[in-house]
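Worksheet: the structure to be examined is printed underneath.
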């Protein structure tokens, strides 16, 4: 590999696919907003109660919404035969997997982070804390998408892999969810934000290799 | 073609003692395949005999259950699936893989050679099976790679398409390339050898 242009092409293809699907952008957003907005109806709309659980609700909604469109990310490539082509390239497959996951996060994950302030306000969360909290949601969301990508790669050859993806990915979300929730309560500058970043870095260093190993199995 | 000239008397792919197991059944064992410049091998066998499995081992997609594959040169792969996405147009497909391979070839010229200039901007899901196959085969012309591994390249193609692919294979062999195909029926090109499974 002389230049990173194969990776740029992989990234571009993944972006194009996410947009072309349409649902790739809108489905997680709808799920995220819908799940969060259901909470006041179930726990009551008392302001003090909502504000104390609001940031936590956003974390749960973010974790679940990150998995909504994960099923197709690698499965489509396997069905089209595109994965076969990538698997025979000199470009390492883990880099291609990483490019695809990051592209998917840009299209489906970043909009969720941008949505946290308005939904947080609706949940009576202190408005001043919401914008700094976006950093935590952004870092946590990236970790969720990375682990979701591993699960998606493992489930690529399974016909209805959605449930399998949730079962595989949700346990991996736990450290990120713990430190993420603490970080949004502590605010920026607290130690939990560093631990949250550590979980994201850990995901970033492990997930691409795990996903590419799973894809090699799927393509065999 | 410098790479081809340098390897004129050397093998472009050499597999020794290959074996495949599916479940508890031995598909094939102790199979050796070697292709040199200018050669075209045809893999023969009934449905389920393991032609695609063998081809996937040669391409590095599947790990052989026994034996080794040596592939000193880069190769092109036309699989059973075309690798064309439902939303992807032939133009987007050829541009994409051209970028991946750092190709300077003109996608439009390749498309007109392959007879897909008319549906060049039509999404993959709207193309006919033959047009999709032609788009996949057009990848062979994007980058100059000495070894072609083709799984049923003539499937879904009309008479003219078959003649076109045959001429591509002949030209590739004449310029020092090698081709390995899994095929049903008569080979429209002159095969230099057959591998019976």
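Protein chains in written order, with UniProt numbering: chain D, 1 to 220; chain G, 1 to 197. C-beta atoms are modelled at their ideal positions from N, C-alpha and C, and glycine is treated no differently. Values in this document were obtained by computation on a predicted structure and should not be read as measured data.
> What residues of chain D sit near residue 60 (chain G), judged by a beta carbon separation below 7 Å?
Replying inline: 88
> Which one of G:35, G:142, G:62, G:93 has the shortest CA to CA distance from residue 119 (chain G)?
Replying inline: G:93
>> Rounded to the nearest angstrom, what separates residue 135 (chain D) and residue 187 (chain D) at their Cα positions?
In response: 10 Å
> What residues of chain D sit near residue 84 (chain G), judged by a beta carbon separation below 9 Å?
Replying inline: 80, 81, 82
>> So, at 8 Å on beta carbons, what are the nonlocal neighbours of residue 88 (chain G) in its own chain, with the 5 sequence-adjacent residues on each side left out?
In response: 96, 123, 124
>> According to DSSP, simplified to helix, strand and coil, what is residue 77 (chain D)?
In response: helix
>> Alpha carbons only, please: which of D:212, D:18, D:219, D:40 is nearest the one belonging to residue 122 (chain D)?
In response: D:40
> Mind pulling the alpha helix (DSSP H) runs of 4 or more residues that sit fully within the stretch 65-133 of chain G?
Replying inline: 90-100, 107-114
>> So for residue 161 (chain G), helix, strand or coil by DSSP?
In response: helix
>> Tell me which residues of the stretch 67-84 of chain G have at least one Cβ-Cβ distance to chain D shorter than 8 Å, keeping chain order.
In response: 74, 75, 77, 79, 80, 81, 82, 83, 84
>> Considering only their Cβ atoms, is the gap separating residue 57 (chain G) from residue 69 (chain G) smaller than 8 Å?
In response: yes
> Looking at the unbroken alpha helix (DSSP H) that takes in residue 86 (chain D), where does it start and where does it end?
Replying inline: 82-87
> In this structure, does DSSP put residue 220 (chain D) in helix, strand or coil?
Replying inline: coil
>> If you follow the beta strand (DSSP E) that residue 25 (chain G) is in, where does it begin and where does it stop?
In response: 25-36
>> If I measure Cβ to Cβ from residue 150 (chain D) and keep anything under 6 Å in the same chain, skipping five residues before and after, which residues do I get?
In response: 207, 210, 211
>> Can you confirm whether the stretch 27-35 of chain G touches the stretch 158-165 of chain G when touching is taken to mean that 3 or more C-beta pairs between the two stretches lie within less than 8 Å?
In response: no
>> What does DSSP give as the partner residue(s) for residue 179 (chain G) in the beta ladder?
In response: G:40, G:148
>> With a threshold of 8 Å, are at least 3 pairs of Cβ atoms found where one atom belongs to the stretch 40-49 of chain G and the other to the stretch 165-182 of chain G?
In response: yes
> Under 8 Å Cβ-Cβ, which residues of chain D neighbour residue 100 (chain G)?
Replying inline: 5, 6, 9, 10, 89, 91
> In chain G, which residues lie less than 7 Å from residue 20 (chain D) when you measure between Cβ atoms?
Replying inline: 87
>> If the criterion is Cβ atoms closer than 8 Å, does the pair residue 148 (chain D) and residue 67 (chain D) meet it?
In response: yes
> Are residue 11 (chain G) and residue 19 (chain G) close, meaning C-beta to C-beta below 8 Å?
Replying inline: no
> Based on Cα-Cα distance, which residue from D:130, D:146, D:118 lies nearest to residue 183 (chain D)?
Replying inline: D:130
> Relative to the C-alpha of residue 174 (chain D), which residue among D:84, D:9, D:86, D:143 is closest?
Replying inline: D:143
> Just by C-beta distance, which residues in the stretch 162-183 of chain G are closer than 8 Å to chain D?
Replying inline: none
>> Counting only C-beta atoms, is residue 125 (chain G) closer than 8 Å to chain D at any point?
In response: no
> Does any residue of chain G bring its CB to less than 8 Å from the CB of residue 49 (chain D)?
Replying inline: no
> Who pairs with residue 11 (chain G) in a beta bridge, going by DSSP?
Replying inline: G:36
> Within 10 angstroms of its Cβ, does residue 75 (chain G) collect 16 or more other Cβ (buried), or is it exposed?
Replying inline: buried
> Grouping DSSP H, G and I as helix and E and B as strand, with all else coil, what is residue 20 (chain G)?
Replying inline: strand
>> Do residue 140 (chain D) and residue 71 (chain D) count as a contact pair if the criterion is CB distance below 8 Å?
In response: no
> Is residue 34 (chain D) helix, strand or coil by DSSP?
Replying inline: helix
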